[in-house]
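Q: The listed protein sequences correspond, in order, to chains A and B. For the first sequence, full-length UniProt numbering gives the first residue as 1, with consecutive numbering after it. For the second sequence, full-length UniProt numbering gives the first residue as 1, with consecutive numbering after it.
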Amino acid sequence: MEAIEKLTRILHRKNVEWEIYWEAGRSTSFRAERERLERAQEKFFSGIGLRIGLNGRVGFSYITGLPKDEKRLTELVKRAEKLARVGSKPFKGFPEPNGKFPEIKGLYDRAIDELDFDEAHSLAKEFVDEMKGIKGEQEEYTLSGAMSFGTVNTGIANSNGIEEEEPRTGMSMWVYAVKKGQRSGSGYASQTYTTLQGVHEGEELIRRAMEEADLSQKAEKIEGFSGEVLLEPQAVEALVYLFLENLYGEGVYYSRSCFSVDDLGKEVLSEKISIADDPTIEFSPGSYSFDGEGVPGKKKALVSTGELKSFLLDHTYAALLGLESTGNAVRDFRSVPKIGTSNVLVQKGEEKLEDWEGIIVSKVFGEHTANPVTGEFSLTVELGYVVRNGEAKPFSGNMVSGNVFDVLRKVSWVGKEVERRGSFYSPKIVTEVRLV
Amino acid sequence: MEENILRIAEKTAEKLSVRYFEIRISRVTTTSVLVQNGQIDELSNNVETGIGVRAFKNGWGFSSANDLSRAEKAIKTAMKMAGVSRGPEKIYLGDPIKDTAFLLGEKRVDEVDISEKLEITKLANELLKGENVKNRTTSYGDVIVETTYLNSLGSEIRTATSRVRLRLSSIAFEGGKTGEYWKSFGGTGGWELIERVELEKWAKFVSRKSRDLLRAKAPPSGKFDVIMDPELTGVFIHEAVGHATEADAVKNGESIFAGKLGERVSVEELNVVDDPTLPGKFGSYAYDDEGMPGRRVEIIKNGVLNDYMNDRETSALLDLPPNGHGRAQSYAHQPLVRMSNTYVEPGNWDPEEIFEEVKSGLYMIGDKGGEVDVTTGTFTFGAKEGYIVENGELKAHLRDVSLSGNLLEVLKNIRAIGRDVKIQYPGYCGKGQWVPVDDGGPHVLTRALVGGMR
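This is how it looks when you write it as structure tokens:
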């Protein structure tokens, strides 16, 4: 690409270390309100993020667009150099080329990249027609939702010889259903995909959102309770991400995590729990062949049968902690690399939990009010069920509280069916919590 | 360039029979500094320009580009898209507005050298030091957004808005226990807002609080009388009332407040206002992102639901006077109905009298954010700390407190509203897009569900 070649030539003339990260993409989305396609949008974006390393310091700056204009590119270099001189975080150099990048199938779908506006519009229209069809004469329901398509080409190059580019595509849908009556209920369902195959699941999402609205309307608060409950994947997701905040290398380095390097290898959760981060899953929205610093994506166990195996690391914090990057630098061109997750997998167990009798917590909200360091949480139950003699009665409005470390230590059963929610994969689990 | 863009837009609109269009061209200058444990973790300074075009025909079309050479493509795309949508029949148009509004404060942040911004962030980080404090994080951010707004009515509005924010955070560890506390300062204005922060006093306060919380207890659980401090009242009213009175949720029939204008929804003493015209607050603005002047909205007046926050679309549909609450995260986002500065107006109670009123309950302090389901009215919000209240007196110190309730119940359970209003809690509100907001109020006594560990 001309802009990148020119920028590389400017940087070669200087005695600095450098890293260029670029993106160019497009997103198209359609928004339905009250079963009508009310809004359509298309966004174009591109930009270059530049990091310059100078005398053990690093500076970052970006520009939007992919300009070929030498003056703008030179100004970008000057700005990043100036910031490197003022000083930034401890700089441990940029990564060196380290093995081959994995080949991951299904991250790019030409059908999405080449989808023209009229085709995208007709897919969105089908989705909305499905909403109308499924709603039919049931005037008590109101449905809204969206369908989006995106394509982005991402590239990285640095002064150590890393150079790679990868196109990726994405598609997502969500549905929000409201059911009116004496009181109202709401339901929500969403999914993301890397290919167009997902469009066929629109109908299922609509039905799921409507079913949930139906149950939510009937749900009442239940009596307080302390003991074993079954958590469905959305509730597991809330707790697992709360736990994972303690595994970010930056938090470990700056003592914001409750773990230190000495805790690697220790038993921290129930032996029934294994959690991995894996950017190499085919056809998965969280996948990539290289991270935001050009480190190859690889699968790593974070917790294996309860034992802490790895932190999530980028190049800098891995070096500061005396470890190796796990390929978890995430970014866009506007930002410096930050540590993040790719696809998170909670490993399946062997239990058939379909016949569970007792309390089931399906959906929760308020995760950001929890304290990841102490692990304490109180979340509002958006939807749950009490199952007695095979009959499920929905409930909501209770709070579910506990300590995430305790709760994940007390896991007694793990289901054998894994559900995907975007880039999170999990079975149902049984553990002990308090319902207020 | 602007004239050329407008000419292309007018020509395309005529050709495609577009009824209305608007264009936002923005130049955004940002600085961000992050210091952790004395080390500079992030330092950046950037400028970007971009264009967002929105068109209305049978529905809305929107297109944006962060590269102005794509302006013509963005105009044509937005207008073509408006033609295939099937949205509202009408929108509020009104008269053209030609104006210039600069909210840049007394000392422009882009005239302050980045080294000065770095120094103050480092100093604040140093001041947070204290026994058992293992993590000290301070962050500084400023942004100047200069926008030219043009629309098919002939409006031409030039705005320049500057916002600054400084955040101090401290985490203490001792014997396996953890205490965390933070505080944010800032508003709409210039560097003077940072110079006015009593850095030493507040850094010591934040650091001490994180240590105090080491000895704080987990809260009890159940339904309690709860006194909220002004900061928590802010997040409570934002979640419990604000989101449900954003008129897009009302229009779609999603809000529990839909069709309830004129009805009593709370105790008579409650007055809730959203006001983007408050000087210097983080959520303030002169014009919204639809080129409408921001107006004060009396949402709840003497306990009666009085008005919704609206945009060009919802004001026409609900037949309400427009009040300028169409806000977008940036030029690359479509405006949505959003809050600005939301607060509870003063009541008649002295804060001391409110405490005397509580025989057995909880005092909850500070904002850890919240969330609401506007359809069912269930909401949750977190407090940074709390105290048990017995016979009006503060007893045990509490940490990690989350509360929940049904908004209609909690509003009707309000027993006392203080006179001591504060609106100084800059933050961001997410609704698919992030916009700066502020909120607050006085001490308020109500009942809510506390999800404690005991």
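C-beta atoms are modelled at their ideal positions from N, C-alpha and C, and glycine is treated no differently.
What's the gap between the Cα of A/Tyr317 and the Cα of A/Glu163?
A: When rounded, the distance between both Cα atoms is 22 Å.
Q: At a Cβ threshold of 8 Å, is B/Thr378 touching chain A?
A: So, interface residue.
Q: Kindly indicate if chain A contains any beta-carbon less than 8 Å away from that of B/Ser402.
A: Closer than 8 Å: yes.
Q: Report the option in B/Ser17, B/Pro279, B/Ala216 whose CA atom is closest to the CA atom of B/Phe102.
A: Among B/Ser17, B/Pro279, B/Ala216, the Cα nearest to that of B/Phe102 belongs to B/Pro279.
Q: Kindly list the residues whose CB is nearer than 8 Å to the CB of A/Thr194, restricted to its own chain and excluding five residues on each side of it in sequence; keep chain order.
A: Closer than 8 Å at the Cβ level, and outside the excluded window around A/Thr194, lie Gly106, Leu107, Tyr108, Asp109, Arg168, Thr169, Gly170, Met171, Phe283, Ser284, Pro285, Ser287.
Q: Should the region 251–266 of chain A be regarded as contacting the region 385–396 of chain A, the criterion being three or more beta carbon pairs within less than 8 Å?
A: Touching, no.
Q: Among A/Asn55, A/Phe44, A/Glu75, A/Ala32, which has the Cα closest to the Cα of A/Lys6?
A: Residue A/Glu75 is the option with its Cα nearest to A/Lys6.
Q: Assuming B/Met364 and B/Gly324 make a contact with CB atoms under 8 Å, what is their CB distance in whole Å?
A: Wrong, their Cβ atoms sit about 33 Å apart, outside the cutoff.
Q: Within the 8 Å Cβ cut-off, does B/Gly382 reach chain A?
A: Yes - at least one Cβ of chain A is within 8 Å of the one on B/Gly382.
Q: In whole angstroms, what separates the C-alpha of B/Thr159 from that of B/Thr100?
A: Using only the alpha carbons, I get a separation of about 6 Å.
Q: On the three-state DSSP scale, how would you describe B/Phe257?
A: Residue state, collapsed to three classes: coil.
Q: Roughly how many angstroms separate the alpha carbons of B/Thr161 and B/Lys359, rounded to a whole number?
A: Cα to Cα, B/Thr161 sits roughly 47 Å from B/Lys359.
Q: When DSSP builds the beta bridges, which residues end up paired with B/Val337?
A: BP columns for B/Val337 point to B/Gly326.
Q: Give a yes or no on whether the C-beta atoms belonging to A/Leu408 and A/Phe243 are separated by under 8 Å.
A: Yes; because the gap between Cβ atoms is below 8 Å, this pair is in contact.
Q: Is the region 175–193 of chain A touching the region 339–350 of chain A, taking contact as three or more C-beta pairs under 8 Å?
A: No, because fewer than three Cβ pairs between the region 175–193 of chain A and the region 339–350 of chain A fall closer than 8 Å, the two stretches do not touch.
Q: From the DSSP output, which residues share a beta bridge with A/Cys258?
A: In DSSP, A/Cys258 forms no bridge with anything.
Q: Applying the 10 Å Cβ sphere with the 16-neighbour rule, what's the burial state of A/Glu357?
A: Flag for A/Glu357 reads exposed.
Q: List the residues that DSSP assigns as beta-bridge partners of A/Glu228.
A: For A/Glu228, which the question treats as bridged, DSSP gives the partners A/Glu432.
Q: Roughly how far, in whole angstroms, is the beta-carbon of B/Glu22 from the beta-carbon of B/Asn151, given that I think they are within contact range, below 8 Å?
A: Contact holds; Cβ gap of about 4 Å.
Q: One question on the structure: do B/Val109 and B/Gly186 come within less than 8 Å of each other, judged by their Cβ atoms?
A: No, the pair does not count as a contact, with Cβ atoms beyond the cut-off.
Q: Count the other CB atoms within 10 Å of the CB of A/Gly198; is the residue buried (16 or more) or exposed (fewer)?
A: A/Gly198 should be labelled buried.
Q: Please state the DSSP three-state secondary structure of B/Ile414.
A: In this structure, B/Ile414 counts as coil in the three-state DSSP scheme.
Q: How long is the line joining the alpha carbons of A/Tyr253 and A/Glu245, rounded to whole angstroms?
A: For A/Tyr253 and A/Glu245, the distance between alpha carbons rounds to 13 Å.
Q: Could you say which of A/Gln217, A/Ile275, A/Leu11, A/Gly53 lies nearest to A/Glu237 if we only look at CA atoms?
A: Of the listed residues, the one whose Cα sits closest to A/Glu237 is A/Ile275.
Q: Can you check the region 302–386 of chain A for any alpha helix (DSSP H) of at least 4 residues that lies completely inside it and give the ranges in chain order?
A: Segments of the alpha helix (DSSP H) lying fully in the region 302–386 of chain A: 315–320.
Q: Kindly give me the distance between the Cβ atoms of A/Thr369 and B/Ser402, rounded to whole angstroms, as I take these residues to be in contact under 8 Å.
A: Correct: roughly 5 Å between the Cβ atoms.
Q: I'd like the span of the alpha helix (DSSP H) that includes B/Glu195, first residue to last.
A: Counting along the chain, the alpha helix (DSSP H) containing B/Glu195 begins and ends at 192–195.
Q: Could you confirm whether any beta carbon from chain A is found closer than 8 Å to the beta carbon of B/Phe205?
A: Not one chain A Cβ lies under 8 Å of B/Phe205.
Q: Listing by chain order, which chain B residues have their CB less than 8 Å from the CB of A/Phe44?
A: Those are Ser63, Ser64, Ala65, Asn66, Asp67, Arg70, Lys73, Ala74, listed as they occur along chain B.
Q: Could you tell me whether the region 324–340 of chain B touches the region 239–251 of chain B, where touching means 3 or more Cβ pairs closer than 8 Å?
A: Verdict: yes, contact present.
Q: Roughly how many angstroms separate the alpha carbons of B/Glu2 and A/Arg51, rounded to a whole number?
A: Near 33 Å, if we compare the C-alpha coordinates of A/Arg51 and B/Glu2.
Q: Compare the C-beta of A/Tyr62 with all C-beta atoms of chain B and state if any pair is closer than 8 Å.
A: Yes - at least one Cβ of chain B is within 8 Å of the one on A/Tyr62.
Q: Measuring straight from C-alpha to C-alpha, what distance separates B/Tyr20 and B/Glu254?
A: Roughly 27 Å between the two C-alpha positions.
Q: Apart from the five residues just before and just after A/Arg79, which ones in its own chain have a Cβ nearer than 7 Å to its Cβ?
A: The answer, listed in chain order, is Ser61.
Q: Please state the DSSP three-state secondary structure of A/Lys179.
A: Correct three-state label for A/Lys179: strand.
Q: Thinking C-alpha only, which one of A/Thr142, A/Val240, A/Lys309 is nearest A/Leu231?
A: Taking only the C-alpha atoms, the option nearest A/Leu231 is A/Val240.
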